[in-house]
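Report on the following structure.
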Amino acid sequence: MSERPGNALMPNLLTPQDLETNWEWRDKIPAWGHSSVDFERRVDHDRLRRYRLARTRQSLQNSPAGSLLLFDVNNIRYVSATKIGEWERDKMCRFCLLTGDDSPYVWDFGSAAVHHQRYSDWLEPDHCLAGVVGMRGTIPPEFGLMKKYAKMIAQLIKDAGMADMPVGVDYAETAMFHALQEEGIHVVDGQQIMLAAREIKNWDEIQLLTQAASMVDGVYHMIYEELKPGVRENDIVAMSNKLLYEMGSDDVEAINAISGERCNPHPHNFTDRLIRPGDQAFFDILQSYQGYRTCYYRTFNVGRATPAQNDAYVKAREWIDASIAMIKPGVTTDKVAEVWPTAESLGFPNEDAAFGLQFGHGLGLALHERPIISRAVSMEHPMEIQTGMVFALETYCPAADGYSAARIEEEVVVTETGCEVISLFPAEELPIANRY
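Under full-length UniProt numbering, the first residue of the sequence shown is numbered 1, with each subsequent residue one higher.
Pasting the structure below:
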């Protein structure tokens, strides 16, 4: 393996200290400025990269697999700290191999590999390779690229002494699975290995998640000022996108904007509907800062609110407060889900039909990480809540008028003694935008 000064991701140079989370539970989790400065210790990116690789290595050692082959761009970033444009997220055009004591191999989109060789000095240059397989089938298997790279991957695994052990693959095209099997590779579920690694955040990840949430605080203040009759749902989406990118967002994944009679049932989208006086309206901001995601709902009323709309909001607030009060290390997710109303009590036939309405999910490089909290899955398959988890809790309450609804979501960091909410736009009471 080649020597490289400053290399931070050579697994044989990782130390037990790289697994330390470096948490600093003080009065309040800080949301630092986004620049690097010499007078404050903010995000330590070298420490972040080493922690993520050390966590992956530990999770791999705790599994039956000896290697990981990754096509999920969140996993590729977690292991190798490489990223190209968001256009690649669903293309399945990049992949990464972690095997034996080798540092990560990354096959990237053409000249991106050369960029990594030049600017990603934590990687070994000869491990940054140009390569592509199927791109969701647009390069047919008979062209031979999958066979070519499956053979190369099998040889690297053999060279690392891992040929007799299974290979964890997070996901891949069907033809790629076949090509790997033809090379004698025994494939197992690598996504679970990676999710186990990613579920506990170190201090730098918590900092980035808090910075991302602080950006959404500002977006909601803008929405509070702009939400009025004559504005459309898509206008709010456009203004939110503009503000987020101006603040430094690297990906506005989606913005839900739902108003008036569209609130119930929840459609999970936005349209060109005009906002009207008395509308109840809720929004969800899904964006990332340096890869770390937000999922953060707020509900508003426009000008005024009816008793039914207020009642729905009060109930949604009570349910989310009850779940936040449950969050501390050692509590299991079924106990959190128990404090939420059943699907049947809200008029749904079963929990599957109401999935995602009373909900909790991990946040990190992906929108949905561990733990998942829901009556649909947690009651029979509970997970233990641990210090360093970061997740979103969300509730939904339809109003008695039959069409309005309230939706609230808070992001929480699990501390040593409980949790801290990092989504700070005021939501204790129903906000009335441009009150009459």
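For each residue, glycine too, the CB sits at the ideal point set by N, CA and C. If you're wondering where the values come from, they're calculated on a predicted model, not measured in any experiment.
Going by DSSP, what residues sit across from residue i in a beta bridge?
| i | result |
| --- | --- |
| F270 | In DSSP, F270 forms no bridge with anything. |
| V187 | V167 |
| E256 | Residue identity check: residue 256 is Asn in the sequence provided, not Glu. BP columns for N256 point to D284. |
| R298 | F283 |
| R293 | S288 |
| C419 | V414 |
| R262 | Answer is none; R262 lacks a bridge partner. |
| A433 | V302 |
| I408 | T395 |
Would you tell me roughly how many angstroms separate the C-alpha atoms of residue i and residue j, rounded to the nearest one?
| i | j | result |
| --- | --- | --- |
| L393 | C419 | 12 Å |
| M162 | T15 | 22 Å |
| A113 | G168 | 23 Å |
| F95 | D72 | 8 Å |
| K335 | Q61 | 31 Å |
| S63 | L53 | 15 Å |
| K228 | I200 | 41 Å |
| T138 | G184 | 25 Å |
| H266 | I258 | 8 Å |
| M1 | P104 | A caution first: M1 carries a pLDDT of 41, below 50, which makes its placement in the model unreliable, though a value can still be read off. Approximately 12 Å between the Cα atoms of the pair. |
| F348 | W23 | 42 Å |
| L48 | M222 | 32 Å |
| V331 | S323 | 11 Å |
| V37 | V252 | 26 Å |
| D352 | T333 | 17 Å |
| R262 | Y403 | 7 Å |
| A427 | L243 | 21 Å |
| F359 | N310 | 21 Å |
| I285 | A254 | 7 Å |
| L195 | R50 | 17 Å |
Taking 6 Å as the limit between beta carbons, can you name the residues of its chain near residue i, skipping five residues before and five after?
| i | result |
| --- | --- |
| A197 | R55, T56 and S59 |
| P5 | With a pLDDT of 45 at P5, under the threshold of 50, the predicted position of this residue should be treated as unreliable, and no value is reported. |
| Y436 | G303 and R304 |
| I372 | H361 |
| E409 | Y296, Y297, A392 and E394 |
| E429 | none |
| L346 | none |
Since I believe residue j is in contact with residue i (beta carbons under 8 Å), could you give me their beta-carbon distance rounded to a whole number of angstroms?
| i | j | result |
| --- | --- | --- |
| V237 | F282 | V237 to F282, Cβ: 13 Å. No contact. |
| R136 | E86 | Going by Cβ atoms, the distance from R136 to E86 rounds to 16 Å, so no, they are not a contact pair. |
| L274 | G230 | 7 Å |
| R77 | L365 | 6 Å |
| H361 | E369 | 7 Å |
| A308 | D401 | 4 Å |
| N234 | A405 | Actually they are not in contact, since the Cβ atoms of N234 and A405 sit about 20 Å apart, beyond 8 Å. |
| P329 | V421 | Actually they are not in contact, since the Cβ atoms of P329 and V421 sit about 16 Å apart, beyond 8 Å. |
| M146 | M176 | 5 Å |
| Y396 | A316 | 6 Å |
| L97 | I29 | Contact doesn't hold; Cβ gap of about 35 Å is too wide. |
| N301 | I385 | Going by Cβ atoms, the distance from N301 to I385 rounds to 33 Å, so no, they are not a contact pair. |
Which residues in the same chain have their Cβ closer than 7 Å to the Cβ of residue i, if we skip the five residues on either side of it in sequence?
| i | result |
| --- | --- |
| L208 | V43, Y289, Q290 and Y292 |
| H268 | N256 |
| K91 | M135 and R136 |
| A337 | I373, S374, R375, S378 and M379 |
| E226 | I236 and M239 |
| D170 | L70, F71, D72, N75, G190, Q191 and M194 |
Give every residue of the same chain whose Cβ lies closer than 8 Å to the Cβ of residue i, excluding the five residues on either side of it in the sequence, and list them in chain order.
| i | result |
| --- | --- |
| E3 | At E3 the pLDDT is 45, less than 50, meaning the model places this residue with poor confidence and gives no usable figure here. |
| L363 | L209, Y292, R293, T294, C295, E369, V390, F391, A392 and E411 |
Problem set entry | Minimum length 4: unbroken alpha helix (DSSP H) runs contained in the stretch 329–398 | 333–337
For this session: Please go through the stretch 62–132 and give each complete beta strand (DSSP E) segment of 3 or more residues, from N-terminal end onward.
Result: 67–70, 95–99, 105–108 and 128–130
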